[in-house]
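Report on one structure; see the data block that follows.
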Amino acid sequence: MKSSKSLKVLGLLLVFTLLLGACQAAPAAPAAQEAAPTEEAAPAEEAAPAEEAAPTEAAAEEAAPAEAASGPGLVCVIVPPVENPFFGAMSEIAAAKATELGYEVLQLVHDDDANKQMELFETCIARAASAIILDNAGADASVAAVQKAKDAGIPSFLVDREITQEGVAAAQIVSNNYQGATILAEYFVEMMGEEGNFVELTGRDTDTNAHIRSQGYHDVLDEYPTLVMVAQQTANWSQTEAYGVMESILQANPEIKGVIAGNDTMALGAQAALLAAGRDDVIVMGFDGSDDAIQSIMNGELKATSLQPVAEMANQAAIQADAFIKNGSTDKPEKQSIDMVLLTPENACQYKTFAPTGSTDPCEVAN
Amino acid sequence: MKKYLPWIIGLAIVAAFIAILPFSVTIVPIAEVEAQQRSEAFDPVAYVDGIWESQILPIVEEKAVDLAAILSEIEVDEKGFATKEQLTAIAEESGLITVGEAHVYLVKGEGVVTAIDSESRTGTLTMQLVGYDGPITVKLYIGPRIPSDETAVRDAVGFINFGDFRDQTEYGKVGAELNKRVASTVLSELDLSALEGKRIAFTGAMGIRTFNLINIDVSTITLVPIQVEVLE
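Note that the protein sequences, when read in sequence, are chains Z and R.
Each number in the working numbering corresponds to the 1-based position in the first sequence with 33 added.
Each number in the working numbering corresponds to the 1-based position in the second sequence with 36 added.
In structure tokens form, the structure reads like this:
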């Protein structure tokens with residue numbers, strides 16, 4: 034709550050600033066010099082918070098007319114943008130499991146915006162949901178929404194990303210990104226022969242997981258003075274952006290041996306740029322274990338990725354929500370850390386849609 | 037009057053705000069600030085200092101089980117795989133199973149060192165474990181590094197829980213710091229050049245990850261040592 038209040042105060046401040054700026058501009062000639070920096074600075078800062086603050090209040094009004102709950106319990110499934118197949122799979126699997134367990138399901142997307150997430154929570158509270166399954170929009174920023182649901186008697190089951198407070202969510206089924214990052218980095222070190230130049234592509238700066246993965250990579254890679262990071266750039270999780278970033282890095286640093294990326298889509302973008310430049314010798318690794326990355330590994334392109342336990346987390350969230358609704362407890366600790374699996378040319382073909390296929394046939398890389 | 041009070045305060049703040057504006061304003065992403073606060077708040081070295089001698093060493097002494105006996109229970113197929121079911125049964129009896137389905141054990145035993153690989157920075161020695169003649173190759177990390185994804189010490193002692201830490205990075209750093217402690221205490225005292233052919237007594241931690249795996253590769257098991265004594 035604190036943060037949303039301070040946002041409003043900030044929003045008010047900006048409005049004041051603009052008003053004041055407008056007043057000064059016309060009559061006060063002597064003030065012109067002092068006012069100049071104000072006008073320059075204001076628009077840049079204004080853009081972000083003002084836009085975010087506005088929909089919050091509008092949303093509260095929309096959410097107000099409550100719909101009466103009836104029939105089977107409702108489970109809300111709220112995830113980040115589903116353009117990323119990772120979140121799409123998360124939402125679908127959790128929804129399917131909850132439906133199977135006899136619940137009505139409402140699938141929502143918060144677009145990595147904590148304010149929008151709060152609106153969606155308010156919608157779910159207004160509809161008297163039985164439980165909320167959430168892949169959240171920020172470790173600190175999401176605490177308020179989860180607390181609000183708890184205050185309304187609705188338990189939240191967090192998947193993938195954790196929040197920084199305990200005792201608010203009923204369960205936090207966390208994908209151990211740090212472990213996934215270290216296991217990948219150890220393999221990267223091995224493939225690099227413990228030496229050479231490499232590039233790191235990082236994820237969106239506002240996403241906690243971007244930092245956790247980068248931290249995990251560096252806790253391993255920095256132990257090797259013979260491994261030299263010649264460039265570290267964000268490509269914002271995006272494949273096309275990674276393609277462009279890789280192209281320009283390659284021009285400045287042709288002497289690179291490896292690329293370690295914060296997710297699969299960036300790894301695939303970098304791989305495509307490298308192949309277009311005739312560089313099939315560069316070791317490229319991603320993170321997530323998406324089907325596209327698995328396909329690329331089996332085509333002999335990407336060398337590895339860390340598989341996120343999406344299916345397990347999504348299923349567990351629905352199962353634990355059901356247990357909690359029925360018995361008032363999940364019988365598990367609140368914070369549950371789920372391991373990631375290293376996928377390489379040796380085992381990648383045995384996984385699909387973020388889960389094992391059940392096949393144990395050896396994998397063969399196409400040439 | 038009360039009604040206007042917020043506006044007066046607001047205007048005062050606005051004035052102050054404008055006064056400081058010409059000075060540089062730095063915008064820092066929230067995630068970066070969070071990451072900074074986190075790393076400042078938590079010191080894994082101090083945490084491990086507080087538990088290494090007082091808790092870790094005594095627990096290992098007290099709870100370590102005979103490695104040869106555990107390995108003898110594992111049925112290994114011709115590819116070096118074991119099934120999750122039977123590994124789970126063994127872990128339930130002699131070790132711990134983490135929430136993330138890693139099987140972890142505190143173990144002890146004796147072995148004769150048959151090979152030393154110190155080419156990689158994550159070096160290992162290979163031993164013939166006394167009391168075991170099955171197909172599993174037994175190795176021991178000898179440093180100078182132990183891989184950071186190897187969290188057997190943290191997980192096997194049983195009292196270091198994910199929920200006790202702010203987030204997974206802190207929890208991960210504890211695992212890595214425990215490995216560093218092994219490297220700086222246990223391993224720094226070993227004379228690696230004189231180890232081959234020697235018989236050693238050891239305690240250590242062993243981890244087998246099983247989550248999302250169908251067949252588990254147990255052809256080689258690598259222990260994190262906690263005590264190593266050269267017998268002859």
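Note that the Cβ used here is the ideal one computed from N, Cα and C, for glycine as well.
Three Cβ pairs or more, each shorter than 8 Å: is that satisfied between the region 217-233 of chain R and the region 353-372 of chain Z? no
Under 8 Å: do the region 106-113 of chain Z and the region 145-165 of chain Z share three or more Cβ pairs, one atom per stretch? yes
Is the CB-CB distance between residue 267 of chain Z and residue 241 of chain Z below 7 Å? no
Assuming residue 107 of chain Z is part of the beta strand (DSSP E), what are its boundary residues? 107-112
Identified DSSP bridge partners for residue 233 of chain Z: Z:265 and Z:293
So residue 83 of chain R and residue 266 of chain R are supposed to be a Cβ contact under 8 Å. How far apart are they, rounded? Not really, about 31 Å apart at Cβ, beyond 8 Å.
So, at 7 Å on beta carbons, what are the nonlocal neighbours of residue 268 of chain R in its own chain, with the 5 sequence-adjacent residues on each side left out? 234 and 235
Given a limit of 9 Å on CB to CB distance, which residues of the region 209-223 of chain R reach chain Z? 209, 211 and 212
Is the region 291-310 of chain Z touching the region 164-183 of chain Z in the sense that three or more CB pairs, one from each, lie closer than 8 Å? no
Could you compute how far the alpha carbon of residue 293 of chain Z sits from the alpha carbon of residue 108 of chain R? 40 Å
Beta carbon of residue 206 of chain Z, beta carbon of residue 383 of chain Z: below 7 Å? no
Looking only at its own chain, which residues have a Cβ that is under 7 Å from the Cβ of residue 182 of chain R, when we skip the five neighbours before and after it? 158, 215, 218, 219 and 260
For a contact defined as C-beta to C-beta under 9 Å, what are the partners of residue 401 of chain Z on chain R? An answer regarding residue 401 of chain Z cannot be provided, because it is not within the stretch 34 to 400 covered by chain Z.
Going along chain Z, which residues have a C-beta under 7 Å from residue 245 of chain R? 372
Answer yes if the region 217-234 of chain Z comes into contact with the region 390-397 of chain Z, meaning at least three C-beta pairs across the two stretches below 8 Å, and no otherwise. no
Specify whether the region 156-170 of chain R and the region 128-138 of chain R touch according to this definition: at least 3 beta carbon pairs, one from each stretch, less than 8 Å apart. no
Using beta carbons (cut-off 7 Å, strictly below), is residue 284 of chain Z in contact with chain R? no
Throw me the rounded Cβ distance for the residue 128 of chain Z and residue 150 of chain Z pair, which I believe falls under 8 Å. Actually they are not in contact, since the Cβ atoms of residue 128 of chain Z and residue 150 of chain Z sit about 18 Å apart, beyond 8 Å.
Which residues of chain R have a Cβ atom closer than 7 Å to the Cβ of residue 207 of chain Z, listed in chain order? 204
In the DSSP assignment, what residue or residues form a beta bridge with residue 137 of chain Z? Z:107
Is there contact here, the region 117-126 of chain Z with the region 338-355 of chain Z, by at least three beta-carbon pairs under 8 Å? yes
Is the shortest distance between the beta-carbon of residue 250 of chain Z and the beta-carbons of chain R less than 7 Å? no
Residue 141 of chain R by DSSP, collapsed to three states: which one? strand
Identify every run of the beta strand (DSSP E) within the region 153-202 of chain Z, keeping only runs that are complete inside it and at least 3 residues long; order them along the chain. 164-167 and 189-193
Please return the same chain residues whose Cβ sits closer than 8 Å to the Cβ of residue 126 of chain R, not counting the five positions on each side in sequence. 106, 109, 110 and 139
Report buried or exposed for residue 40 of chain R, applying the criterion of at least 16 other Cβ atoms within 10 angstroms of its Cβ. exposed
Since residue 162 of chain Z contacts residue 187 of chain Z with CB under 8 Å, what's their CB separation in whole angstroms? 6 Å
How is the beta strand (DSSP E) around residue 265 of chain R delimited, first residue to last? 256-266
Under 7 Å between C-beta atoms, does residue 126 of chain Z make it to chain R? no
Just by C-beta distance, which residues in the region 244-266 of chain R are closer than 8 Å to chain Z? 245, 247, 248, 249, 250 and 251
Would the region 204-220 of chain Z and the region 244-263 of chain Z be scored as touching if the rule is three or more Cβ pairs under 8 Å? yes
So which residues on chain Z does residue 183 of chain R lean against when the C-beta distance must stay under 7 Å? 219
Residue range of the unbroken beta strand (DSSP E) whose run includes residue 253 of chain R: 251-253
Would DSSP call residue 164 of chain R helix, strand or coil? strand
Tell me whether residue 390 of chain Z sits in a helix, a strand or coil according to DSSP, three-state version. coil
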